[in-house]
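Trainee: Structure incoming, see below.
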Amino acid sequence: MRILSTRGDAPAVGLSAAIAAGLAPDGGLYVPAAFPRADLDAITPDAALADIAAWLLRPWFTGDPLAPHLDAICQEALSFDTPLRPLPRNDTYLLELFHGPTAAFKDIGARFLAACMRRLRAPDDPPLTILVATSGDTGAAVGAAFHRLPGFRVVILYPDGRVSPRQAHQLGCFGDNVHAFRVAGSFDDCQRMAKTALGDTDLQTRTPLSSANSISLGRLLPQMSYYAQAALRLHAEHGVAPDFVVPTGNLGNALACIWAREMGLPIGNVHLACNANTVLPDFLAGADYEPRASVATLANAMDVGAPSNAERLRWMFDDDTLRARFTAQSVDDATIRDTVRAFADAHDLIVCPHTATALHVLAQLRDVDPSRLRVAVATAHPAKFEGVIEPLIGHPVPVPTALEALLQRPSATALLAPTDDALRDVLTALD
């Protein structure tokens, strides 16, 4: 498959090259020259997630050096379930994506990327540094996926004081080849610093870098698989294509749903649930697209003022088409609290702040049109946000076994100034 840059000033590459590079040399994001169509007759709705991922991604890997390894990559990376949970109201479901080792949906993309990257590395290659900016969950998932993987180092950047205590502990608990830095700034600072470093050819010559943010195709592609699985199962059961309500900040998870629909999966409308960072809701409501400084919210993993994957979305569709085909709604902290409390009290369902934004938007959509089949996406386990959730529900949130194991490890991070030079110094010092 030919992979292009959204900015059109870089040569087309194969999929492996795009996964290895992360960011295109012209600063753009990698996209397919054309979307392949999925052969819906070649898979059964009850297939396991790893098998659905291999089926869905096979056209992307055709002729690629990774093609012979695709089945093994999927089995290695997608070894846990992403179950559909019926909600109390008819024709509504919750897609739980937090059953991986760090209790967040980011485990799926991070593990797939690591499985690809280790197969692309030659024994005599210099160490490759995986650089990741995180607003909460991505860094831990990447750290877990690459921890002690020979030939790789991980550098995690996260905004100091803007992640939950348990998220911060996870980010610093790996050690060894994983280095975590708390940046004295916002997530947007972290993301800008990472993009600048990835585009610095002199730095890349001395310290080879790649990305593990959702700008990486290796992260984005496997995320289509859980939407495919859920859509196939619900379509088989109900005979209609389900709508999805996706909590989003950097747009990677929502874009995976949109890409799965572009491949022909039975997916209806895609609704974006945002927090008080309103760049996407404002844009889709008709305003100019204007990234701005992010604001801190309870749904911290979505605290993004300059969503990276908006560039991919605007490469696919013109602005008028985007506004006609997608909706985005902002959910403030007070509503997040109310939604968490309401679902716990009425349905004994405990959700994280990000999932609460999707449940609120789903409820509003259903009030307007109760006839459609809808799925809210649950992106993280509520135990990662005990400081927010437990006061609202009045009791402790049970901690998953895998998360508890990480929380028992010692954790250490270093403070970093929010400047490109500070990150360059860190990266060059690794050598």
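Mapping of the sequence shown onto the numbering used here: residues 178 to 608, in sequence order.
Glycine included, every Cβ here is placed at the ideal spot set by N, Cα and C.
Hey, out of L398, I570, A483, whose CA is closest to R469's CA?
Mentor: Residue A483 is the option with its Cα nearest to R469.
Trainee: Based on the DSSP output, what are the partners of P221 in its beta bridges?
Mentor: Looking at the sequence provided, one finds Thr at residue 221 rather than Pro. Answer is none; T221 lacks a bridge partner.
Trainee: Is D420 helix, strand or coil when you go by DSSP?
Mentor: D420 falls in the strand class under three-state DSSP.
Trainee: Any idea if V447 is buried or exposed, counting beta-carbon neighbours within 10 angstroms, 16 or more meaning buried?
Mentor: The residue is buried, with at least 16 neighbouring Cβ atoms inside 10 Å.
Trainee: Got a sec? Which residues, its chain only, sit under 6 Å from R179 by beta carbon, not counting five neighbours each side?
Mentor: Hits under 6 Å: A189, A210.
Trainee: Inspect the CB distances between the stretch 380-398 and the stretch 426-433 and report whether three or more fall short of 8 Å.
Mentor: Because the criterion of three Cβ pairs below 8 Å is met, the stretch 380-398 and the stretch 426-433 touch.
Trainee: Taking the Cβ atom as the reference point for each residue, do R518 and I570 lie within a distance shorter than 8 Å?
Mentor: Closer than 8 Å, so yes.
Trainee: First and last residue of the beta strand (DSSP E) that includes A450?
Mentor: Start and end: 447-451.
Trainee: With a Cβ-Cβ cutoff of 8 Å, do A230 and S402 count as a contact?
Mentor: Cβ atoms of A230 and S402: closer than 8 Å.
Trainee: Using a Cβ-Cβ cut-off of 7 Å (strictly less than) and excluding sequence neighbours within five positions of E273, which residues of its own chain qualify?
Mentor: The residues are T259, P260, R262, A555.
Trainee: Taking 8 Å as the threshold (C-beta atoms), are A591 and A361 in contact?
Mentor: It is not a contact, given that the beta carbons lie outside the stated cut-off.
Trainee: Might you give, ordered along the chain, the residues of its own chain that have their beta carbon closer than 7 Å to the beta carbon of G463, omitting 5 neighbours on each side?
Mentor: For G463, where only same-chain residues beyond five positions count, the Cβ hits under 7 Å are R500.
Trainee: Cutting at 8 Å between CB atoms, please list the residues of its own chain near G441, excluding the five before and the five after it.
Mentor: Closer than 8 Å at the Cβ level, and outside the excluded window around G441, lie R214, A215, L217.
Trainee: Can at least three beta-carbon pairs, one atom from the stretch 575-592 and one from the stretch 337-356, be found at a separation below 8 Å?
Mentor: They touch, by the three-pair rule.
Trainee: Should T605 go down as buried or exposed, given a rule of 16 or more other Cβ atoms within 10 Å for buried?
Mentor: Result: exposed.
Trainee: Taking its Cβ as the centre, do 16 or more other Cβ atoms sit within 10 Å of T279, making it buried, or is it exposed?
Mentor: By the neighbour-count rule (16 or more Cβ atoms within 10 Å), T279 is buried.
Trainee: Distance check for L308 and L609, CA to CA, integer angstroms please.
Mentor: Any answer about residue 609 is impossible in this case: the structure gives the chain only from 178 up to 608.
Trainee: Going by the DSSP bridge assignment, what does T504 pair with across the sheet?
Mentor: T504 is bridged to H448.
Trainee: If you follow the alpha helix (DSSP H) that L584 is in, where does it begin and where does it stop?
Mentor: Counting along the chain, the alpha helix (DSSP H) containing L584 begins and ends at 578-584.
Trainee: Would the beta-carbon of T384 fall within 8 Å of that of D598?
Mentor: For T384 and D598, no; Cβs fall outside 8 Å.
Trainee: Consult DSSP for R438 and reduce its assignment to one of helix, strand or coil.
Mentor: Here R438 sits in helix by DSSP.
Trainee: Can you tell me whether F212 is helix, strand or coil according to DSSP?
Mentor: Reduced to three states, the DSSP call for F212 is coil.
Trainee: Which term fits V528, buried or exposed, when burial requires 16 or more other beta carbons within 10 angstroms of its beta carbon?
Mentor: V528 comes out buried.
Trainee: In angstroms, rounded to a whole number, what distance separates the CA positions of E253 and A291?
Mentor: The alpha-carbon atoms of E253 and A291 are separated by roughly 10 Å.
Trainee: Run through the DSSP bridge pairs and tell me what I333 is partnered with.
Mentor: DSSP, once it has assigned bridges, lists V309, A357 as partnering I333.
Trainee: Tell me the DSSP bridge mates of E273?
Mentor: Looking at the DSSP assignment, E273 forms a beta bridge with A555.
Trainee: Here's a check: name, in chain order, each residue in its chain whose Cβ is nearer than 6 Å to the Cβ of D248, leaving out the five neighbours to either side.
Mentor: These residues qualify, in order along the chain: A231.
Trainee: Could you check whether S471 and D459 sit closer than 8 Å to each other, using their CB atoms as the reference points?
Mentor: Going by C-beta atoms, D459 is not nearer than 8 Å to S471.
Trainee: Have a look at the DSSP bridge pairing and note the partners of L261.
Mentor: In the DSSP output, where bridge partners are listed per residue, L261 has L272.
Trainee: Taking the alpha-carbon positions, what's the D186 to A450 distance?
Mentor: Going from the Cα of D186 to the Cα of A450 covers about 33 Å.
Trainee: Below 8 Å between beta carbons: does that hold for C251 and G395?
Mentor: No, Cβ-Cβ distance for C251 and G395 is not below 8 Å.
Trainee: Give me the residue from F289, T516, A487 with the minimum Cα distance to F503.
Mentor: Nearest option by C-alpha distance: A487.
Trainee: Mind reading off the beta-carbon distance from A505 to L550? Whole number of angstroms is fine, and I expect it under 8 Å.
Mentor: About 20 Å separates the two Cβ atoms, so there is no contact after all.
Trainee: Got a sec, what are the start and stop residues for the beta strand (DSSP E) I250 sits in?
Mentor: Per DSSP, I250 belongs to no beta strand (DSSP E); it is in the alpha helix (DSSP H), 247-254.
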